[in-house]
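Shown next, in structure tokens, is the structure this report addresses.
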Amino acid sequence: MNVDIEEHPQLVKWLRSRSLIDDHAPDCENLTGGVSNKTVLVTSSSGSVVVKQALSELRVATSWTCSPERIHREGLGLRVLKSVLPSGATPNWLAEDETDHILVMSAIPKPHVNWKSLLFTGQSETGQIDQFAALLAAIHTAPITEAMAPFRDTQFFEDLRLSPYYGYTASRVAESATFLHDLTEETRQQTDHLVHGDYSPKNVLVHNGQLILLDHEVMHVGDPAFDVGFAMTHLLSKAHHLTPHRRIFVNAAHQFWSRYATQTDADRDLAERAARHTLACLLARVSGQSPLEYLSAQEQQRQKAVCLEIMQASAVTHMDVTMVIEWFIKGLGGTS
Numbered sequence: 116m117n118v119d120i121e122e123h124p125q126l127v128k129w130l131r132s133r134s135l136i137d138d139h140a141p142d143c144e145n146l147t148g149g150v151s152n153k154t155v156l157v158t159s160s161s162g163s164v165v166v167k168q169a170l171s172e173l174r175v176a177t178s179w180t181c182s183p184e185r186i187h188r189e190g191l192g193l194r195v196l197k198s199v200l201p202s203g204a205t206p207n208w209l210a211e212d213e214t215d216h217i218l219v220m221s222a223i224p225k226p227h228v229n230w231k232s233l234l235f236t237g238q239s240e241t242g243q244i245d246q247f248a249a250l251l252a253a254i255h256t257a258p259i260t261e262a263m264a265p266f267r268d269t270q271f272f273e274d275l276r277l278s279p280y281y282g283y284t285a286s287r288v289a290e291s292a293t294f295l296h297d298l299t300e301e302t303r304q305q306t307d308h309l310v311h312g313d314y315s316p317k318n319v320l321v322h323n324g325q326l327i328l329l330d331h332e333v334m335h336v337g338d339p340a341f342d343v344g345f346a347m348t349h350l351l352s353k354a355h356h357l358t359p360h361r362r363i364f365v366n367a368a369h370q371f372w373s374r375y376a377t378q379t380d381a382d383r384d385l386a387e388r389a390a391r392h393t394l395a396c397l398l399a400r401v402s403g404q405s406p407l408e409y410l411s412a413q414e415q416q417r418q419k420a421v422c423l424e425i426m427q428a429s430a431v432t433h434m435d436v437t438m439v440i441e442w443f444i445k446g447l448g449g450t451s
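What follows is the structure, given as structure tokens:
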């Protein structure tokens, strides 16, 4: 690697060599919160850009590696989503470096707020949940074009989702192994839809009331039910953790699924696969390689126990998303 973007003089030289900033001294700020990339906000008199550089080893407690080539999958995602999502719903692609695995995109104007942070205050506005569902529906209903052909390579999804989430969890929680192995194989057979792979409130900014989607490095052609389960897990885990706001997040979960299902004409098969992915992700986010940082040890154990109880229920094969929401919340003790 010739350029380390967290070494700001190197980064500034690199940006100037590509005419991405002017000659005035810029301000460089390392952004935190992600585990898979170095990220720097660069502000100069000509404007602001965000620069990302993929890590080959993710910043987590256990060994987790993935090719830094995935940053170019995110670059393709930025370009493709411009024709899929509403104007302003993603940053603008500006430049890439395939040698040092660097991606440059436009910075979202201030003021903006991370949606995850907003949700943690107990705020879950109806319009934002509707947008969250609509953006995902737009991705999943987009025709697969020639430009999307690279998304048929699912190696990054395997390395960043199926292995560390489902495979690792199955190896640690024996009671879940059959369920997770079967779901993994089922997921690999689905090859008809564009999938985001990292669809969560953490990867959404809110600017002037609009949701702006970030972090597209796990995009692939696969099973849309994974995105639903991945997103639903964040709403339900917050319902678990933020007890005073539990009813708000339960309502948000139901609304998210209802709006999404309506806009995608989701059939029973998709609803049942999405339910299984919701259960799998709920368990993986307490027992996999990327546990949710806000759940206490006691909450992790409770979430694990509830998920295993539902997985082992005879009705689990035919549960839809609505049923999983209700069973999960009931297992936590309800909303009162």
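Okay, so the sequence shown: first residue is 116 according to the working numbering, each after it adds one. Yeah, the Cβ is synthetic: ideal placement off N, Cα and C, and Gly gets one too.
The DSSP-derived three-state label of ASP119 is coil. Within the same chain, and ignoring the five residues on either side of HIS296 in sequence, the residues whose Cβ sits closer than 7 Å to its Cβ are ALA285. Excluding its 5 nearest sequence neighbours in each direction, LYS153 has C-beta neighbours in its own chain below 6 Å: ILE120, GLU121 and GLN168, listed in chain order. For VAL343 against VAL436, the beta-carbon gap comes to about 7 Å, under 8 Å, which counts as contact. Within its own chain, the residues whose Cβ lies closer than 6 Å to the Cβ of ARG133, once the five positions on either side in sequence are excluded, are ALA210, listed in chain order. In this structure, DSSP gives THR450 a state outside helix and strand, which the three-state scheme calls coil. CA-CA distance, GLY242 to SER182, rounds to 37 Å.
In this structure, TYR280 lies near CYS396, with their beta-carbon atoms less than 9 Å apart.
Check the Cα spacing between THR180 and each of HIS392, LEU275 and LYS225: the tightest is with LEU275. Inter-residue distance for ALA346 and ASP138 is about 42 Å (C-alpha atoms, whole angstroms). Non-local C-beta neighbours of SER171 in its own chain, meaning closer than 8 Å and more than five positions away in sequence, comprise THR180, CYS181, SER182 and PRO183, ordered along the chain. A residue is called buried when at least 16 other Cβ atoms come within 10 angstroms of its Cβ; THR393 meets this threshold and is buried. When DSSP reads this structure, ILE327 sits in a beta bridge with LEU320.
If only uninterrupted alpha helix (DSSP H) runs of at least 4 residues are considered, those enclosed by the region 159-246 are 185-196 and 230-234. Within its own chain, the residues whose Cβ lies closer than 8 Å to the Cβ of ILE327, once the five positions on either side in sequence are excluded, are GLY203, ALA204, THR205, PRO206, ILE223, HIS227, VAL319, LEU320 and VAL321, listed in chain order.
Excluding residues up to 5 positions away in sequence, HIS331 and MET334 lie with their Cβ nearer than 6 Å to the Cβ of GLY192 in the same chain. Taking 9 Å as the cut-off, the beta carbon of PRO339 is found closer than this to the beta carbon of LEU385. Every alpha helix (DSSP H) stretch that sits fully inside the region 238-320 and reaches 4 residues is listed by chain position as 241-255, 283-287 and 292-303. Sorting LEU126, ARG400 and LEU146 by C-alpha distance to the C-alpha of ARG287 places ARG400 at the top. Annotated three-state conformation of ASP342 is helix, per DSSP. Going by DSSP, LEU385 is part of the alpha helix (DSSP H) stretching over 383-402.
GLU144 counts as exposed, since fewer than 16 other C-beta atoms from the protein chains shown sit within 10 angstroms of its C-beta.
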